[in-house]
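Residue numbers (our numbering): 364 to 528.
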Ligand code: ADP
C-alpha cells in the first residue's frame with residue numbers, strides 16, 4: 364500500500380527564532396516525513412523582525428533537518444486551521460514551556476479541534492537547557508546590550524545586533 368507522507372505543521376511567530384524553537388523543530392522532524400514551519404504574520408504582536416526576516420532566519424537554520432525529511436518554511440496570515448488544511452498537514456506541533464503556556468495552548472488546541480477534528484495538536488517539550496528561552500526576553504536582553512549567545516544561533520545574533528545598533 365502506498366504510504367502518504369505524514370505532514371506536520373509547526374506554526375509560530377519566531378520573532379526571532381531561538382534555540383528552543385530549533386529544538387522543537389528537531390523533535391518534530393522525527394515524527395513526520397514533511398515538516399512545514401509556518402511563520403505567522405501576527406500583526407497583533409507587532410514583531411520586531413519583518414515577516415521576510417523571520418522566514419529567512421528559520422530558512423537559514425533548517426538545513427540539517429532536510430537530510431532526513433522535507434522541510435518547507437512558509438509565511439502565513441489568517442486562520443491557523445485554514446493554513447493547516449492548505450498544507451495538507453494532519454498534525455499541529457506546539458512547544459510547551461512552563462505552566463504559563465498551558466492555558467493559551469489548551470484553549471487553542473480545543474478550539475482547533477472543534478474547527479477540524481481530523482487535525483491533532485501535538486505538544487513537545489524542549490531540552491531542559493532551552494525550556495526557559497522566550498523570544499520576548501531574548502529581544503529585551505539584546506536591546507539592553509546583553510549576551511544572547513546561549514539562546515539563539517549566530518545568524519540571529521547578527522540580526523539582533525543590526526536591529527539594536
Ligand atoms: P506564537 O506567537 O505562535 O506563540 P512563538 O514563536 O512565540 O509563536 O512560539 C511558537 C511555538 O514554540 C509555541 O508553541 C511556543 O510555546 C513554542 N516555544 C517557544 N519557545 C520555546 C521553548 N524555549 N521551548 C519550547 N517551546 C517553545
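Quick reminder that beta carbons are idealized off the backbone N, C-alpha and C, glycines included. Predicted, not measured: the structure shown is a model, and the values here were computed from it.
- request: Note down, one range per segment and in chain order, each alpha helix (DSSP H) of at least 4 residues found wholly within the stretch 431-498.
  value: Fully enclosed alpha helix (DSSP H) runs of no fewer than 4 residues occupy 443-450 and 462-478 of the stretch 431-498, in order along the chain.
message: Does the contact criterion of 3 or more C-beta pairs under 8 Å hold for the stretch 448-457 versus the stretch 414-432?
response: Touching, no, given that fewer than three Cβ pairs across the two stretches are closer than 8 Å.
message: Quick check: what's the CA-CA separation for residue 372 versus residue 509?
response: For residue 372 and residue 509, the gap between their C-alpha atoms comes out near 33 Å.
message: Between 494, 489, 380 and 483, which has its C-alpha nearest residue 421's C-alpha?
response: Considering only alpha carbons, the answer is 380.
- prompt: What residues come near the ligand ADP, if near means a beta carbon less than 7 Å from any of its heavy atoms?
  reply: A residue is listed when its beta-carbon falls short of 7 Å from at least one non-hydrogen atom of the ligand ADP; in chain order these are 374, 375, 376, 377, 378, 381, 383, 384, 386, 387, 403, 405, 408, 457, 458, 459, 460, 464, 468, 488, 489, 493, 494, 495, 496, 497 and 498.
message: Give me, in chain order, the residues of the same chain whose beta-carbon lies closer than 7 Å to that of residue 511; leave out the 5 immediate sequence neighbours on both sides.
response: 501, 504, 505, 520 and 523, listed in sequence order.
message: Shorter than 8 Å, the distance from the beta carbon of residue 478 to the closest heavy atom of the ligand COA, or not?
response: This structure simply doesn't include the ligand COA; it includes the ligand ADP instead.
task: Going by CA-CA distance only, name the one from 507, 398 and 494 that's closest to residue 528.
output: In terms of Cα proximity to residue 528, the closest of 507, 398 and 494 is 507.
- request: Could you tell me which of 430, 427 and 449 sits nearest to residue 437, measuring between CA atoms?
  value: The candidate whose alpha carbon is nearest that of residue 437 is 449.
query: Cβ atoms of residue 461 and residue 390: under 9 Å apart, would you say?
result: At the C-beta level, residue 390 and residue 461 stay beyond 9 Å of one another.
- request: Using 10 angstroms around the beta-carbon of residue 386, count the other beta-carbons present and answer buried if the total reaches 16, otherwise exposed.
  value: So residue 386 ends up on the buried side.
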